[in-house]
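In the working numbering, the protein residues as written are 207 to 557.
Built from N, CA and C at the ideal position, the CB exists for glycine as well.
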């Protein structure tokens, strides 16, 4: 009996060794991809028409398809750029659609460490709208008036303050007589309707809403201040930490961004319909058809960051007192991944 048991043990040992080897081989070869936890990319944007690629690409699933099913997209809505930079500094977002001045401020405050601009998003789409009864016909008429902007230090706020300086005026806190009131966009519209402010420098669709819904008059289309009417209103920034850790995800996002931009340009009617549906879902109210039409006509979707206008915006921020000295922005751009995407699609690189 003992001999038979001993014989069986010698037969079982090779069998167990064989099974162990097979099991080990299977673990090495097959579940490697499945063992990788899904990656999360945290994205910030505004429910504004000037962030059209974010709204459309998220709604249609372009970004999710480009990133793959193992990547989770977590989104956060913002009212203005400074809040985005605060969230990026706090490690709460990885990638965002944002205006130039907050990006400049974030870059300067972090001594060039916190972020990189990786692509453009929108050119144009900002304006100064005034109440007709405020009798503002020329820049000098802005003296003694109450004007609003979306947030202290955001792109339109800096543009407004710089415009005042250029025309010999200044804000109250700088010793002038123009009251500049940083206020969230929805509240700006309410204050405008109530006659509590005389005008506002805002991005689209708020400029068109002030005109159509608030009975305002277009005093200045910001495109008129720039060569060929081209200036950056929104671009994409990425946390340098995330960019270094996940360049493949950033490249995938940019590939979808370029594709959505091309689709918008080729299908403006369909793009506006999706955009308006998303704005309605996110804000609780769709845009008036006339508002949408006017706003769309004042902006252009692009992947070019229009770097020359960013440098001018930096000078304006310095003149308005938001920067202590003129910054060196030599490292603020990293367009390597964008240009790889553009080359792959047979498109001209951004220089």
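Count the other C-beta atoms from every protein chain shown that fall within 10 angstroms of the C-beta of residue 351, then say buried if there are 16 or more, exposed otherwise.
-> Buried is the call here.
Can you tell me where the alpha helix (DSSP H) with residue 244 in it begins and where it stops?
-> Looking at the DSSP string, residue 244 is not in any alpha helix (DSSP H), and its letter there is neither H nor E.
With burial defined as no fewer than 16 other Cβ atoms inside 10 Å of the residue's Cβ, what is the status of residue 481: buried or exposed?
-> buried
Bridge partners - residue 471, DSSP secondary structure assignment | Note: residue 471 sits in no beta bridge, so no partner.
Proximal residues to residue 177 (C-beta, below 7 Å), its chain only, five neighbours per side dropped = This structure cannot settle anything about residue 177, because the visible part of the chain is limited to 207 through 557.
How close, in whole Å, do the beta carbons of residue 285 and residue 383 come, if the pair is a contact with beta carbons under 8 Å?
-> Going by Cβ atoms, the distance from residue 285 to residue 383 rounds to 27 Å, so no, they are not a contact pair.
Would you say residue 428 and residue 333 are within 7 Å of each other, going by their C-beta atoms?
-> yes
Inspect the beta-carbon positions of residue 533 and residue 520 and report whether they are closer than 7 Å.
-> yes
For residue 400, which three-state DSSP category applies?
-> coil
In whole angstroms, what separates the C-alpha of residue 379 from that of residue 477?
-> 42 Å
With distances taken from CA atoms, which of 337, 538, 551 and 547 is nearest residue 308?
-> The option with the nearest alpha carbon to residue 308 is 538.
When DSSP labels each residue in this structure, what does residue 441 get in the three-state scheme?
-> strand
Starting from the C-beta of residue 241, find all residues in its chain whose C-beta is less than 8 Å away, skip the five residues before and the five after it, and write them out in chain order.
-> Annotation note: pLDDT 40 at residue 241 (below 50); position unreliable, coordinate value reported separately. Correct list: empty, nothing qualifies.
Short check: CB of residue 259 to CB of residue 466, under 7 Å?
-> Taking 7 Å as the Cβ cut-off, residue 259 and residue 466 qualify as a contacting pair.
Which partner residues of residue 558 appear in the DSSP bridge assignment?
-> In the structure as shown, the chain starts at 207 and stops at 557, and residue 558 therefore has no counterpart that could be examined.
What residue from 556, 528 and 541 has the CA that sits closest to residue 359's CA?
-> 528
Roughly how many whole angstroms lie between the Cα atoms of residue 181 and residue 540?
-> The requested residue 181 is not part of the displayed model; the chain covers only 207 to 557.
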